[in-house]
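Chain order of the listed sequences is P and R. Okay, so the first sequence: first residue is 1 according to the numbering used here, each after it adds one. Okay, so the second sequence: first residue is 1 according to the numbering used here, each after it adds one.
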Amino acid sequence: MRPSILTAGLATALIAPAAAVQASSEAEIAQLRSMLEQMRSQYERRIQDLEDRLARAERQSRPPSASAASAATDPAISQPMRAPSVSTSSIPASTTSHPSDFRGALSSGTAFNPQISVILNGNYYNDGRRGSGAALVGQALQPSGGLAHDQDHVHEADHGHSHGGLNNGFNFSEAELSFSATVDPYFDAAAYLAVMDEGDVHLEEAWLQTRALPHGLRVKAGKFLSDFGYANKQHPHAWDFVDQNLPYLNLLGDHGLQDTGVQLTWLPRLPVYTLLGVEALQGDQERFGATLSNEDQERLGLDATKNGPRLWTLFAKVAPDLGQDQALQVGVSYAHNTQHQEVQTHTHADEDEIHENALAGEADLWGLDLVYKYDGSGPHGQGDFKFQTEYLRSVKDLDIVSSPHPEIIGSRRTFTTDGFYAQALYGIAPRWTAGVRYDVLGLTNEVGGGEHADYGSSDRWSLNLTWKLSEFSQLRAQYARNDILVAANERERFDAFYLQFLMSLGSHGAHAF
Amino acid sequence: MPFRILISLLALILMGNALAAPLNVVATNSSLGALVRALAGERLEPTVLVGPEHDLHQIQAKPSMMRALRDANLVVAIGAELEVGWLPAAIAGAANPAIQPGRDGYFEAAAQVELLDVGKAADRALGDVHPLGNPHVDLDPVRMVQIAAALAERLARLDPDGAAIYRQGAAVFAQAVEQRVADWRARLAGAPGVLLYHRDAVYLLDRFGVPLLGTIESTPGVPPTGQDLLELTTKLKGRAGVVIYAPYQSPQVPTKLARDLGWPVKRLPLAPPLEADGTGYLDHIEHWVEAIAAARP
């Protein structure tokens, strides 16, 4: 039908000018008239046909009880994503004339673009130590990590940026860009970039995750935040406090266990939510399983960095069902890094020379976590309560590989440092949340093996108040009372004050539990 | 000892399978749970994730939801992004490919019917807007009939042995709605109107031609200012109406407004009780009709 109309139309267009010129040719005009007439009748038939079909479809789609009611619906309202209408009769609609029901999720995330969001995180900070306090809380004394006998030596991670680097005054912590999408029926993928205030871009996460594996299995691969513990996986914007807690900050560094590798999780068919997981990661860590540069390794007689994966983790999370209003999750995690190297420096009273001991070995990390949430079902979070606590214990089992003191070469050193934090948040009013946190590092803070030494602990109290103006913006004020052990018998006690804003632009996906 | 634990776990798993219903259905709220019960009767018992005391928009994903979704054959959601803050995370955490959007195991009620408030500006300066349309379709019994018909077909496809039951259930539900709609329409004819907190009952008002006199929050998802309330009071003074708000909305403002206007005020959930079935759902609509009809000049 269509080609014939097209031909006729084309013919009309081609012949029309000619016909105008040769107006005398009556026969041709008559022929054109009949052609046009024919086209018009064809169109009219088709339009009538369509109108009939439309009327039929409308009759079928309208439920019997709704015939009068649908008049009340404003017909002028347009519907860009109209779902196929459905017959109310108990007989299934015939498959050819009616499309099957709509199985997707209605979504405004259109045109196959990934979901994009930008989160702006900035603050005003002030401490009583001209801004050096923010760095100090990440350098609380622990015998491992090169800090043992030398407070001036700052263990500077070679990972481009620091989330904790604050000055007294205004700071822009980061703009976090996130992209996420379903790649195809088999994979989801996401990328998170942190743009720091000097314009440095850091790849926080970039991973793929399976969506079609059976039996409750999922595989994640790429660069990602490990599921070790609870706080490890959270990006800074999801923290309930402005800064990271002391155990994570000191035992794992600014980024926690953020590494490249593969994760397998299994949610077995058990009466209680139980998630089991294992990860194989490259092991390129800031603090837990760090390795030195090539030059340092050669100079100090250490082994070269081993092939990955060097970091392995295991975790289990169990969450009993406590009904509609409450949720509880308990987790246990273990991580093992097959290679850890560090240099410890010391000086002797009668010499100027700095002595370097090179140590190498393995590192273990244990974690316990518990999270409890109560949904107060008040307006805008009023009455909501959240309690979160974690315990971390890091054990580094090292041997002295080289030293200016030959008698200690080959002797063993075990460095054990632990810590925990506990924090509680309560929705004191619609949109307002008050929080309190106590965190401590070094309840056990000791060196064992060939030599014994015991150090004290560092701790901190934090109080904060968060105003969530909407789902997409929040302002937070936080006060912290720090008591940080910086050397064997030296403490720094100082107050720190933060004002933070968090702005979420664009589509912001759901947070995990 | 560990071996014995393993055995008992295994026994639990096997027992779970043996006792399983023909389909494991999870509904996001109690309206949809009621609809599943209306269609399936004794054949299925749905798990309802969120009760009527909670705001479906503000919920957080919980492990117990992932546990429920882990073995689900079908998840029945309201959709149109109402559950966007938690359902995608819960489905992802459940590691269950059968219930991913686009599969037979994923059903959105809002996608089966025509939506209201469609095509509004996607501008967050206007608050928490839904450019796809207002998602609260479950308060319109007539749209629920359409949803029930589509859901019955979906259940029939997933569980062909029960097809007759589901279709029969849909027909019975349609009939029950039809019977009561006439009565409701008569009682609501000429109702002076309702002041809502949020545009969450517009489908019900629209269905019965009841005027929406205004919303207490002038911007969706943002609490009203004193100025907003003053304007509302000035605008509505001297008229008749009723103030209706949901359990999770702040009661102070609606109560004060109702007092200032001399109107009745009613706290009504948007969804029926957790254990409601088809009749329970219609009784829930009955409460709304009663409250709206109570406001007479």
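Ideal Cβ positions, reconstructed from N, Cα and C, are used throughout, including at glycine.
{"Asked": "Give me the DSSP bridge partner(s) of TYR334/P.", "Found": "LEU314/P and TRP366/P"}
{"Asked": "Among PRO379/P, ARG493/P, ASN121/P and TYR421/P, which residue has its Cα nearest to the Cα of ASP55/R?", "Found": "PRO379/P"}
{"Asked": "What does a CB cutoff of less than 7 Å around GLY128/P pick up in its chain, not counting 5 residues either side in sequence?", "Found": "PHE494 and ASP495"}
{"Asked": "Name the residue from ALA304/P, SER402/P and GLY323/P whose alpha carbon lies nearest to the alpha carbon of THR345/P.", "Found": "SER402/P"}
{"Asked": "Give a yes or no on whether the C-beta atoms belonging to ARG37/R and GLY214/R are separated by under 8 Å.", "Found": "no"}
{"Asked": "Distance cutoff 8 Å, beta carbons only. Does LYS120/R sit that close to anything in chain P?", "Found": "no"}
{"Asked": "Using a Cβ cut-off of 8 Å (strictly closer), state whether TYR248/R contacts chain P.", "Found": "yes"}
{"Asked": "Can SER195/R and ILE216/R be called in contact, C-beta distance under 8 Å?", "Found": "First, the amino acid is wrong: residue 195/R is Leu here, not Ser. Against a cut-off of 8 Å, the Cβ pair of ILE216/R and LEU195/R comes out as a contact."}
{"Asked": "Report the three-state DSSP secondary structure of PHE172/P (helix, strand or coil).", "Found": "strand"}
{"Asked": "Using the beta-carbon count (16 or more within 10 Å), is ASP123/R buried or exposed?", "Found": "exposed"}
{"Asked": "With distances taken between CB atoms, is the gap from SER458/P to ALA140/P smaller than 8 Å?", "Found": "yes"}
{"Asked": "Have a look at SER504/P, ARG413/P, THR313/P and TRP432/P and flag the residue whose alpha-carbon is nearest the alpha-carbon of PRO143/P.", "Found": "ARG413/P"}
{"Asked": "So what's TRP184/R in DSSP terms, helix, strand or just coil?", "Found": "helix"}
{"Asked": "Counting C-beta neighbours from all protein chains within 10 Å, is the total for THR417/P 16 or more, i.e. buried, or is it exposed?", "Found": "buried"}
{"Asked": "Taking the Cβ atom as the reference point for each residue, do GLY229/P and GLU390/P lie within a distance shorter than 8 Å?", "Found": "yes"}
{"Asked": "Just to make sure I have the definition right: I need the residues of chain R whose C-beta is within less than 7 Å of the C-beta of TYR273/P. Which are they?", "Found": "PRO63, SER64, MET66 and ARG67"}
{"Asked": "Relative to the alpha-carbon of PHE172/P, which residue among TYR498/P, PRO404/P and PHE513/P has its alpha-carbon at the smallest distance?", "Found": "TYR498/P"}
{"Asked": "Taking the beta strand (DSSP E) that ALA429/P falls in, what are its first and last residues?", "Found": "412-429"}
{"Asked": "Would you kindly work out how many angstroms separate the C-alpha atoms of GLU290/R and VAL210/R, rounded to a whole number?", "Found": "13 Å"}
{"Asked": "Which stretch, first to last residue, makes up the beta strand (DSSP E) that contains TYR125/P?", "Found": "115-127"}
{"Asked": "Starting from VAL183/P, trace the alpha helix (DSSP H) in both directions and tell me its first and last residue.", "Found": "Neither: VAL183/P is in no alpha helix (DSSP H) and is coded neither H nor E."}
{"Asked": "Answer yes or no: the CB of SER333/P versus the heavy atoms of the ligand SAH, is any distance below 7 Å?", "Found": "Within the structure as shown, the ligand SAH is missing, as the structure has no ligands at all."}
{"Asked": "What is the residue span of the alpha helix (DSSP H) that GLY93/R lies within?", "Found": "87-94"}
{"Asked": "I think ASP240/P touches LEU425/P, with their Cβ atoms under 8 Å apart; what is that distance to the nearest whole Å?", "Found": "5 Å"}
{"Asked": "Report the neighbours of ALA294/R on chain P: residues whose CB is nearer than 9 Å to its CB, in chain order.", "Found": "Simply none; closest approach about 21 Å."}
{"Asked": "To which residues does DSSP link TYR203/R through a beta bridge?", "Found": "DSSP, once it has assigned bridges, lists no residue as partnering TYR203/R."}
{"Asked": "Got a sec: is the Cβ-Cβ distance from LEU502/P to anything in chain R below 8 Å?", "Found": "no"}
{"Asked": "Determine the DSSP secondary structure at LYS468/P, reduced to helix, strand or coil.", "Found": "strand"}
{"Asked": "Which runs of the beta strand (DSSP E) fall wholly inside the segment 197-279 of chain P and span at least 3 residues, in chain order?", "Found": "201-210, 217-225 and 258-266"}
{"Asked": "Check whether the segment 83-97 of chain R and the segment 197-217 of chain P touch, using three or more Cβ-Cβ pairs below 8 Å as the test.", "Found": "yes"}
{"Asked": "In chain R, which residues lie with their C-beta within 8 Å of the C-beta of SER377/P?", "Found": "GLU53, HIS54, ASP55, PRO247 and TYR248"}
{"Asked": "At a CB-CB cut-off below 9 Å, which residues of chain R make contact with PRO430/P?", "Found": "PRO223 and SER250"}
{"Asked": "Against chain R, which members of the segment 480-513 of chain P pass a CB distance test of less than 8 Å?", "Found": "GLY509, ALA510, HIS511, ALA512 and PHE513"}
{"Asked": "My output table needs one value for ASP397/P: the three-state DSSP class, helix, strand or coil.", "Found": "strand"}
{"Asked": "Please look up how many angstroms separate the CB atoms of ASP77/R and LEU44/R, rounded, as I've assumed it's under 8 Å.", "Found": "It should be pointed out that residue 77/R corresponds to Ala in this sequence rather than to Asp. Rounded, the Cβ-Cβ distance is 17 Å, inconsistent with contact."}
{"Asked": "Give me, in chain order, the residues of the same chain whose beta-carbon lies closer than 8 Å to that of LEU300/P; leave out the 5 immediate sequence neighbours on both sides.", "Found": "LEU292, VAL343, GLU356, ALA358, VAL401 and SER402"}
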